[in-house]
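Participant: Numbering (the working numbering), first residue to last: 40 to 296.
Just so you know, even glycine gets a beta-carbon here, dropped at the ideal spot from N, CA and C.
In this text the structure is predicted, and so the values were computed from the model without any measurement.
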(Lines of atoms letter the chains of each structure in order from A and count residues from 1; the text may use other names and numbers.)
(Lines give C-alpha, C1' and ligand atoms only; values in the text may rest on other atoms or scores of the structure.)
Protein backbone atom coordinates (compact mmCIF):
# COMPACT_ATOMS: atom_id res chain seq x y z
CA UNK A 1 0.00 0.00 0.00
CA UNK A 2 1.50 3.34 -1.08
CA UNK A 3 0.88 5.97 1.59
CA UNK A 4 3.58 8.52 0.82
CA UNK A 5 2.62 10.88 -2.00
CA UNK A 6 5.34 12.67 -3.95
CA UNK A 7 5.08 16.17 -5.26
CA UNK A 8 5.80 16.14 -9.05
CA UNK A 9 9.45 16.90 -9.60
CA UNK A 10 12.25 15.82 -11.93
CA UNK A 11 15.11 13.73 -10.58
CA UNK A 12 15.40 10.99 -8.01
CA UNK A 13 15.36 13.10 -4.87
CA UNK A 14 11.85 14.33 -4.15
CA UNK A 15 11.12 16.54 -1.18
CA UNK A 16 7.71 15.89 0.30
CA UNK A 17 5.35 18.75 0.94
CA UNK A 18 6.43 19.35 4.52
CA UNK A 19 3.68 19.63 7.12
CA UNK A 20 6.12 19.36 10.03
CA UNK A 21 7.81 22.05 12.10
CA UNK A 22 10.76 20.10 13.53
CA UNK A 23 11.57 17.55 10.84
CA UNK A 24 11.46 17.10 7.07
CA UNK A 25 10.43 14.02 5.12
CA UNK A 26 11.77 13.21 1.66
CA UNK A 27 11.62 10.36 -0.85
CA UNK A 28 14.34 8.98 -3.08
CA UNK A 29 12.71 6.12 -5.01
CA UNK A 30 12.41 3.29 -2.42
CA UNK A 31 14.05 5.35 0.33
CA UNK A 32 12.29 7.58 2.86
CA UNK A 33 14.52 10.05 4.69
CA UNK A 34 13.59 11.81 7.90
CA UNK A 35 15.68 14.93 8.58
CA UNK A 36 15.81 16.47 12.03
CA UNK A 37 15.18 20.12 11.23
CA UNK A 38 15.99 22.52 14.05
CA UNK A 39 19.36 23.64 12.67
CA UNK A 40 19.46 26.81 14.78
CA UNK A 41 19.36 24.54 17.85
CA UNK A 42 21.70 21.90 16.37
CA UNK A 43 18.59 19.71 16.07
CA UNK A 44 18.25 19.42 19.85
CA UNK A 45 15.48 16.96 20.66
CA UNK A 46 12.08 18.05 21.97
CA UNK A 47 8.91 16.02 22.61
CA UNK A 48 7.27 17.81 19.67
CA UNK A 49 10.11 16.65 17.43
CA UNK A 50 9.58 13.14 18.76
CA UNK A 51 5.88 13.23 17.88
CA UNK A 52 6.69 14.31 14.34
CA UNK A 53 9.37 11.65 13.92
CA UNK A 54 6.86 9.01 14.98
CA UNK A 55 4.26 10.27 12.51
CA UNK A 56 6.70 10.36 9.58
CA UNK A 57 8.22 7.01 10.50
CA UNK A 58 4.84 5.29 10.64
CA UNK A 59 3.91 6.64 7.23
CA UNK A 60 7.14 5.31 5.74
CA UNK A 61 7.07 2.04 7.66
CA UNK A 62 3.56 1.18 6.44
CA UNK A 63 4.31 2.01 2.78
CA UNK A 64 5.07 -1.15 0.79
CA UNK A 65 7.13 0.79 -1.77
CA UNK A 66 9.66 1.87 0.88
CA UNK A 67 12.55 -0.47 1.68
CA UNK A 68 14.84 1.89 3.59
CA UNK A 69 14.22 4.59 6.18
CA UNK A 70 17.08 6.96 6.87
CA UNK A 71 17.53 9.46 9.69
CA UNK A 72 19.70 12.54 9.07
CA UNK A 73 20.06 16.05 10.44
CA UNK A 74 19.90 19.42 8.67
CA UNK A 75 22.54 22.02 9.45
CA UNK A 76 25.80 21.57 11.35
CA UNK A 77 24.88 18.53 13.46
CA UNK A 78 22.74 15.44 13.58
CA UNK A 79 21.41 16.08 17.11
CA UNK A 80 23.06 17.90 20.02
CA UNK A 81 21.04 16.01 22.63
CA UNK A 82 17.87 17.00 24.43
CA UNK A 83 16.82 20.64 24.33
CA UNK A 84 17.87 22.12 27.68
CA UNK A 85 14.68 24.19 27.95
CA UNK A 86 12.79 20.91 28.18
CA UNK A 87 15.46 18.94 30.03
CA UNK A 88 16.22 21.32 32.89
CA UNK A 89 13.45 23.89 32.58
CA UNK A 90 9.70 23.71 32.80
CA UNK A 91 8.92 23.83 29.11
CA UNK A 92 6.19 21.44 27.94
CA UNK A 93 5.29 20.01 24.55
CA UNK A 94 2.24 21.17 22.62
CA UNK A 95 0.33 18.29 24.20
CA UNK A 96 1.43 19.35 27.69
CA UNK A 97 4.12 16.71 28.28
CA UNK A 98 7.53 17.02 29.89
CA UNK A 99 10.48 15.46 28.13
CA UNK A 100 10.53 11.79 29.09
CA UNK A 101 6.76 11.59 29.25
CA UNK A 102 6.51 11.60 25.45
CA UNK A 103 5.91 8.45 23.43
CA UNK A 104 9.22 8.70 21.57
CA UNK A 105 11.24 8.34 24.76
CA UNK A 106 8.85 6.06 26.66
CA UNK A 107 8.16 3.34 24.10
CA UNK A 108 8.87 4.17 20.45
CA UNK A 109 12.18 2.29 20.43
CA UNK A 110 10.20 -0.96 20.46
CA UNK A 111 8.45 0.09 17.26
CA UNK A 112 11.79 1.03 15.69
CA UNK A 113 13.23 -2.30 16.70
CA UNK A 114 10.45 -4.31 15.07
CA UNK A 115 10.44 -2.42 11.77
CA UNK A 116 10.82 -4.57 8.67
CA UNK A 117 12.54 -1.72 6.81
CA UNK A 118 16.31 -1.32 6.63
CA UNK A 119 17.09 1.55 9.02
CA UNK A 120 20.15 3.68 8.29
CA UNK A 121 21.37 6.64 10.34
CA UNK A 122 23.53 9.37 8.84
CA UNK A 123 25.52 11.15 11.56
CA UNK A 124 27.54 14.36 11.41
CA UNK A 125 28.69 17.05 13.78
CA UNK A 126 27.41 16.65 17.34
CA UNK A 127 25.60 13.42 18.23
CA UNK A 128 24.94 13.79 21.93
CA UNK A 129 22.87 11.73 24.36
CA UNK A 130 19.57 10.97 22.69
CA UNK A 131 21.30 12.07 19.50
CA UNK A 132 23.07 8.72 19.50
CA UNK A 133 20.77 6.48 21.55
CA UNK A 134 17.86 7.08 19.15
CA UNK A 135 19.80 5.35 16.35
CA UNK A 136 21.27 2.43 18.30
CA UNK A 137 18.40 0.15 17.12
CA UNK A 138 19.23 0.96 13.49
CA UNK A 139 20.72 -1.60 11.13
CA UNK A 140 23.51 0.67 9.91
CA UNK A 141 25.12 3.88 11.15
CA UNK A 142 27.26 6.03 8.84
CA UNK A 143 29.24 8.94 10.28
CA UNK A 144 31.09 11.82 8.67
CA UNK A 145 34.67 12.14 9.85
CA UNK A 146 33.80 15.33 11.77
CA UNK A 147 31.25 13.58 13.97
CA UNK A 148 31.55 13.63 17.75
CA UNK A 149 29.49 11.06 19.65
CA UNK A 150 28.93 11.77 23.34
CA UNK A 151 27.31 10.01 26.29
CA UNK A 152 26.84 12.74 28.97
CA UNK A 153 24.03 11.05 30.89
CA UNK A 154 25.67 10.45 34.27
CA UNK A 155 27.03 13.98 34.66
CA UNK A 156 23.52 15.26 33.92
CA UNK A 157 22.14 13.06 36.68
CA UNK A 158 20.08 10.90 34.30
CA UNK A 159 20.34 7.47 32.70
CA UNK A 160 20.43 6.52 29.03
CA UNK A 161 17.03 5.39 27.77
CA UNK A 162 15.45 4.02 24.59
CA UNK A 163 16.64 0.50 25.49
CA UNK A 164 20.24 1.64 25.03
CA UNK A 165 21.25 -0.63 27.92
CA UNK A 166 20.31 -3.49 25.57
CA UNK A 167 21.60 -2.09 22.27
CA UNK A 168 24.86 -0.51 23.36
CA UNK A 169 26.33 -3.72 24.84
CA UNK A 170 25.04 -5.57 21.78
CA UNK A 171 27.10 -3.28 19.54
CA UNK A 172 30.29 -2.68 21.52
CA UNK A 173 30.30 -5.30 24.29
CA UNK A 174 29.21 -5.01 27.91
CA UNK A 175 32.51 -3.75 29.33
CA UNK A 176 32.95 -1.05 26.70
CA UNK A 177 29.28 0.00 27.01
CA UNK A 178 29.67 0.39 30.77
CA UNK A 179 32.84 2.42 30.25
CA UNK A 180 31.14 4.76 27.77
CA UNK A 181 28.30 5.51 30.18
CA UNK A 182 30.24 5.69 33.45
CA UNK A 183 32.95 7.97 32.02
CA UNK A 184 30.58 10.25 30.06
CA UNK A 185 32.66 9.34 27.04
CA UNK A 186 33.06 11.44 23.90
CA UNK A 187 34.21 9.64 20.75
CA UNK A 188 35.47 10.68 17.35
CA UNK A 189 33.91 9.01 14.32
CA UNK A 190 37.02 6.87 13.91
CA UNK A 191 36.94 5.77 17.56
CA UNK A 192 33.26 4.91 17.19
CA UNK A 193 33.98 2.77 14.14
CA UNK A 194 36.87 1.01 15.87
CA UNK A 195 34.57 -0.21 18.66
CA UNK A 196 31.68 -1.13 16.36
CA UNK A 197 29.37 1.74 17.23
CA UNK A 198 29.26 2.96 13.63
CA UNK A 199 29.64 0.86 10.51
CA UNK A 200 31.27 3.33 8.18
CA UNK A 201 33.11 6.66 8.31
CA UNK A 202 32.98 8.92 5.26
CA UNK A 203 34.63 12.25 4.37
CA UNK A 204 32.84 15.44 5.35
CA UNK A 205 30.20 16.36 2.80
CA UNK A 206 29.76 12.82 1.48
CA UNK A 207 27.25 11.54 4.03
CA UNK A 208 24.12 12.07 1.95
CA UNK A 209 25.60 10.44 -1.15
CA UNK A 210 26.95 7.49 0.84
CA UNK A 211 23.62 6.86 2.55
CA UNK A 212 21.78 7.08 -0.78
CA UNK A 213 24.22 4.70 -2.48
CA UNK A 214 23.81 2.06 0.20
CA UNK A 215 20.05 2.55 0.32
CA UNK A 216 19.50 2.28 -3.42
CA UNK A 217 21.60 -0.90 -3.54
CA UNK A 218 18.62 -2.69 -1.95
CA UNK A 219 16.39 -1.94 -4.95
CA UNK A 220 17.20 -5.24 -6.67
CA UNK A 221 16.69 -7.30 -3.51
CA UNK A 222 13.36 -8.89 -2.68
CA UNK A 223 11.77 -7.26 0.35
CA UNK A 224 11.03 -10.67 1.91
CA UNK A 225 14.75 -11.48 1.83
CA UNK A 226 15.57 -8.25 3.63
CA UNK A 227 12.92 -8.91 6.27
CA UNK A 228 14.15 -12.46 6.82
CA UNK A 229 17.76 -11.30 7.11
CA UNK A 230 16.81 -8.78 9.79
CA UNK A 231 14.77 -11.32 11.74
CA UNK A 232 17.64 -13.80 11.68
CA UNK A 233 19.66 -11.44 13.86
CA UNK A 234 16.82 -10.55 16.24
CA UNK A 235 15.79 -13.57 18.34
CA UNK A 236 13.66 -12.65 21.37
CA UNK A 237 13.98 -9.01 20.31
CA UNK A 238 10.68 -7.72 21.64
CA UNK A 239 11.17 -9.31 25.06
CA UNK A 240 14.76 -8.07 25.37
CA UNK A 241 13.93 -4.51 24.36
CA UNK A 242 10.86 -4.32 26.58
CA UNK A 243 12.87 -5.63 29.55
CA UNK A 244 15.49 -2.93 28.95
CA UNK A 245 12.82 -0.22 28.72
CA UNK A 246 11.23 -1.38 31.98
CA UNK A 247 14.56 -1.60 33.80
CA UNK A 248 15.71 1.83 32.63
CA UNK A 249 12.38 3.37 33.63
CA UNK A 250 12.46 1.81 37.10
CA UNK A 251 16.05 2.91 37.73
CA UNK A 252 15.27 6.44 36.58
CA UNK A 253 12.50 6.61 39.18
CA UNK A 254 15.05 5.92 41.92
CA UNK A 255 17.01 9.02 40.84
CA UNK A 256 13.92 11.19 41.21
CA UNK A 257 13.10 10.02 44.75
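#1: Relative to the C-alpha of residue 181, which candidate in 135, 283, 157, 237 has its C-alpha closest?
#2: Alpha carbon to alpha carbon, what distance is there between residue 235 and residue 77?
#3: Indicate whether residue 158 and residue 143 have their beta-carbon atoms separated by less than 8 Å.
#4: Are three or more beta carbon pairs between the segment 189-206 and the segment 163-173 nearer than 8 Å?
#5: Considering only residues of the same chain and omitting the five flanking positions on each side of residue 283, which have a CB-CB separation below 6 Å?
#6: Taking DSSP's pairing of strands, which residues face residue 183 in a bridge?
#7: Per DSSP, what kind of secondary structure is residue 72 in: helix, strand or coil?
#8: Could you name the residues of the same chain whose beta carbon sits closer than 7 Å to that of residue 302, not counting the 5 residues immediately before and after it, in chain order?
#9: Within its chain, find whatever has a CB closer than 8 Å to the CB of residue 179; leave out the 5 residues flanking it on each side and keep chain order.
#10: Return the CA-CA distance between residue 140 and residue 222, expressed in angstroms with no decimal places.
#11: Residue 292 to residue 286, Cα distance in whole Å?
#12: Please work out which residues of its chain come closer than 8 Å, Cβ to Cβ, to residue 199, disregarding the five sequence neighbours upstream and downstream, and give them in chain order.
#13: So what's residue 60 in DSSP terms, helix, strand or just coil?
#14: I'd like the span of the alpha helix (DSSP H) that includes residue 170, first residue to last.
#15: Is the beta carbon of residue 91 closer than 8 Å to that of residue 258?
#16: Would you mind sorting residue 82 into buried or exposed? The rule is 16 or more other CB atoms within 10 Å of its CB.
#17: Might you give, ordered along the chain, the residues of its own chain that have their beta carbon closer than 6 Å to the beta carbon of residue 226, omitting 5 neighbours on each side?
#18: By DSSP's criteria, residue 216 is part of a beta bridge. Which residues make up the other side?
#19: Sorry if obvious, but does the Cβ on residue 286 come closer than 7 Å to a heavy atom of the ligand ZN?
#20: Inspect the beta-carbon positions of residue 170 and residue 244 and report whether they are closer than 8 Å.
#21: Quick one: grab the DSSP three-state call for residue 177.
#22: Between which two residues does the beta strand (DSSP E) containing residue 89 stretch?
#23: What is the DSSP secondary structure of residue 291, counted as helix, strand or coil?
#24: Do the CB positions of residue 126 and residue 138 come within less than 8 Å of each other?
#25: Could you check what DSSP says for residue 159 in three-state terms: helix, strand or coil?
Facilitator: The answer reads as follows:
#1: 237
#2: 28 Å
#3: no
#4: At 8 Å Cβ cutoff, the stretches touch.
#5: 202, 204, 205
#6: 241
#7: Correct three-state label for residue 72: strand.
#8: Past the edges of the chain, shown from 40 to 296, lies residue 302, and the structure says nothing about it.
#9: 157, 158, 159, 160, 238, 239, 253
#10: 27 Å
#11: Between residue 292 and residue 286, the C-alpha separation is close to 10 Å.
#12: 168, 172, 190, 192, 207, 220, 287
#13: coil
#14: DSSP places residue 170 in the uninterrupted alpha helix (DSSP H) bounded by 169-172.
#15: no
#16: buried
#17: Closer than 6 Å at Cβ, skipping near neighbours: 188.
#18: According to DSSP, which records beta bridges pairwise, residue 216 is partnered with nothing at all.
#19: The model depicted lacks the ligand ZN and carries no ligand whatsoever.
#20: no
#21: Residue state for residue 177 is assigned as coil, using DSSP reduced to three classes.
#22: Premise fails: residue 89 lies in the alpha helix (DSSP H), 86-100, not in any beta strand (DSSP E).
#23: helix
#24: yes
#25: Residue state, collapsed to three classes: strand.
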